[in-house]
Structure formats: structure tokens, C-alpha cells
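Trainee: Handing you a structure now.
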Amino acid sequence: MSTYAIGDLQACHDELQRLLETLRFDPAADRLWLAGDLVNRGPDSLKTLRFVRSLGDSVRAVLGNHDLHLLACAAGTETPDSKDTFQAVLDAPDRDELLHWLAACPLMLQDETLGWSMLHAGLAPQWTLPQALRLAREAQQTLQGPDAADFFRHMYGNEPSLWDERLEGHARSRFIVNCFTRLRYCRPDGSLALRAKAAPDAARTDLIPWFAMPGRASRGQRIVFGHWSTLGQVAWPEHQVWGLDSGCVWGGALTALALESGEITQLACEGYRRPGG
């Protein structure tokens with residue numbers, strides 16, 4: 001049996017099929033870990049979501065920011081914009097089943113036997129891995145509970161930017177969700193710099209990749225993540241992290257990491273362009 005972690009799909013259904021063929025993936029024996037952002041921006045959000053859900057117990061996926069955006073739009077607290085490509089999911093006859101499955105996905109996975117954890121974006125530098133797992137479950141209770149729509153109304157925003165265990169209510173949940181689904185950089189004081197998206201620049205000292213933060217409390221643990229298509233490389237062994245978002249939807253690659261062996265497989269992608277775009 002092999003366990004493959006795969007980066008952001010973003011509705012690239014056909015590329016996923018080709019990558020699974022390359023891997024000779026057998027859903028009866030192998031397992032998939034998906035790093036979030038299953039939907040949006042690409043051409044086939046509905047086909048992708050249906051296929052992933054059809055894999056049953058052979059797949060585990062974490063929530064990404066685009067997945068949460070779909071759930072917020074389905075809840076009526078947000079309106080899809082011109083760049084969103086998941087209207088087919090909202091119009092599908094099986095939308096309720098698909099959205100229920102998606103909402104049940106966690107913010108963080110951990111397999112102590114394999115010795116790996118997965119999340120979509122990043123971790124606050126103050127969090128240990130057990131603490132992060134606890135906080136992920138805490139936020140999931142909000143996302144999966146009867147007050148999820150109320151949280152979606154307050155989900156968007158960059159504050160608070162610094163972790164404090166005394167945070168409460170929507171501010172606390174927003175900080176946790178921002179870490180797991182949006183974080184790339186931190187400032188030297190440990191606060192989140194959520195607006196920054198570019199590739200790491202060694203010349204800049206005001207922004208530090210979350211995984212390179214000095215004294216990061218979760219260091220020494222093997223973590224796979226997505227979300228950062230401009231990162232420029234997959235493996236950062238000195239930090240024990242692997243960034244699997246290789247920008248398939250933008251014409252980059254779809255990347256898989258075999259968790260047992262550490263082997264990396266990449267499928268070159270043509271990228272998706274909206275009609276007229």
C-alpha cells in the first residue's frame with residue numbers, strides 16, 4: 001500500500017486522472033491525501049468533487065480557502081465572483097451531498113504511524129503540532145455546526161494577526177482558519193502577514209515563510225501543505241516541510257509525494273484559461 005499526498009487540484013479533474021494513472025493508484029489498496037483547494041479557478045469543479053468523493057475511505061482531504069469560499073457561497077453569505085468556476089456545483093442535483101462531504105473535511109490531518117501531517121496553508125509559529133491539531137478540531141466544530149453560516153459572515157479579514165490563547169468568538173475562529181487556509185508569511189514578531197503572496201526573497205527580512213520562522217514550535221515534524229504556487233520548490237528538508245502546490249491550474253504541474261518513500265512525481269499541466277480570458 002502507498003499513500004500519496006497531492007497538491008492543490010483547483011478543479012483540474014483530467015490532470016488528476018493522468019497523475020493517478022502515472023502513479024498506478026489503486027483505490028482498493030492505496031490512499032490519497034489531498035492538500036485542499038479541490039475546487040475553483042479550474043474547469044471541472046463538479047467533476048473533481050464528485051470523483052474525489054467517490055473514492056470513499058481511500059481519500060482524505062483538508063479544507064482550503066477556495067473550498068471554504070464555495071461553502072460560504074452555498075450558505076448564501078457570499079456571492080460568487082467572475083473568477084469563480086464552481087457554479088455547476090451549486091446547481092447540481094447532488095449539491096447537498098457534495099457540500100456535506102466537503103464541509104466534513106478537516107483543517108489538518110495527522111498520521112502518527114506514517115509520521116506525517118497535512119494542512120492547506122500554514123501554522124502559527126507559536127503552535128506546537130498537538131496544539132495545532134486541537135485548534136483545527138475546535139474550528140472544525142464551528143465550520144460543521146449549526147452556526148457555520150454565522151461564522152462565514154465573519155470569516156473574511158486579516159485581524160487578529162497575532163495568536164493569543166485568550167482570543168474568543170469569531171476573532172479566534174478567524175485566526176485559526178486563516179492560518180490553516182491562507183497563511184504564507186509571518187513577520188519577525190510572529191504575526192501573520194496574510195497579504196503577501198510572492199515567492200520567498202532572501203533579501204527581505206520583514207517577511208519570513210511560516211515554516212522558516214526561528215523557533216517555530218512545530219519544527220522537527222514532517223508537514224505537507226499546498227496553497228503557495230509561487231514557492232519555487234517542493235522540498236524544504238531543512239525545515240521538514242514539503243509544499244505541493246505547483247500551480248497546475250496556472251500551467252505549472254500537479255505534484256504527488258509518496259509519504260512512505262519520499263518520492264516526488266510531477267505531471268506537467270497546460271493550465272486553464274476561461275473563455276475570453
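All the letters of the sequence shown, read from the start, carry residue numbers 1 to 277 under UniProt numbering.
Each residue gets a CB set at the ideal place from its N, CA and C atoms; glycine is no exception.
On a predicted model such as this, the values are computed, not experimentally measured, just so you know.
1) Considering Ala88, what are the terminal residues of the alpha helix (DSSP H) in which it resides?
2) Which residue marks the beginning of the alpha helix (DSSP H) containing Ala171, and which one marks its end?
3) For Asp91, which option in Gly262, Lys47, Trp116 has the closest C-alpha, if you only look at C-alpha atoms?
4) Quick one: grab the DSSP three-state call for Cys12.
5) Per DSSP, what are the beta-bridge partners of Ser117 in this structure?
6) So, helix, strand or coil for Leu49, using DSSP?
7) Looking at the structure shown, is Cys105 part of a helix, part of a strand, or coil, going by DSSP?
8) Starting from Pro209, follow its DSSP beta bridges and name the residues at the other end.
9) Quickly, what does DSSP pair Val241 with across the bridge? List them, please.
10) Look at the alpha carbon of Phe51 and the alpha carbon of Asn40, and state the distance between them as a whole number of angstroms.
11) Quick check: the Cα distance between Arg184 and His100, rounded to an integer number of angstroms?
12) If the criterion is Cβ atoms closer than 9 Å, does the pair Asn65 and His227 meet it?
13) Roughly how many angstroms lie between the CA atoms of Lys197 and Thr230, to the nearest whole one?
14) On the CB-based measure, 16 or more other CB atoms within 10 Å of its CB, does Arg216 come out buried or exposed?
15) Give the straight-line distance between the Cα atoms of Val59 and Tyr4, rounded to the nearest whole angstrom.
16) Distance, Cα to Cα, Leu63 vs Val224?
17) Of all the options Gly220, Val249, Gly251, which has the alpha carbon lying nearest to the alpha carbon of Pro237?
18) When DSSP labels each residue in this structure, what does Trp33 get in the three-state scheme?
19) To the nearest angstrom, report how far apart Gly276 and Ala148 are at their CA atoms.
20) Going by beta-carbon coordinates alone, are Asp189 and Asp8 separated by less than 9 Å?
21) Please state whether DSSP places Pro275 in a helix, a strand or coil.
22) In angstroms with no decimal places, state the Cα-to-Cα distance between Met155 and Cys179.
23) To which residues does DSSP link Thr265 through a beta bridge?
24) Could you give the distance in angstroms between the alpha-carbon of Phe152 and the alpha-carbon of Glu159?
Mentor: Taking the geometry as given:
1) 87-91
2) 169-182
3) Lys47
4) coil
5) Gln110, Ile223
6) helix
7) coil
8) Tyr185
9) Ile223, Trp236
10) 15 Å
11) 28 Å
12) yes
13) 8 Å
14) buried
15) 10 Å
16) 13 Å
17) Gly220
18) strand
19) Low confidence applies to Gly276: its pLDDT is 38, below 50, so where it sits in the model is not reliable enough to give any reading.
20) no
21) Model confidence at Pro275 stands at a pLDDT of 44, short of 50, so the residue's coordinates are unreliable; what they give is reported in the following sentence. In the structure shown, Pro275 sits in coil (DSSP, three-state: anything other than H, G, I, E or B).
22) 12 Å
23) Ala256
24) 15 Å
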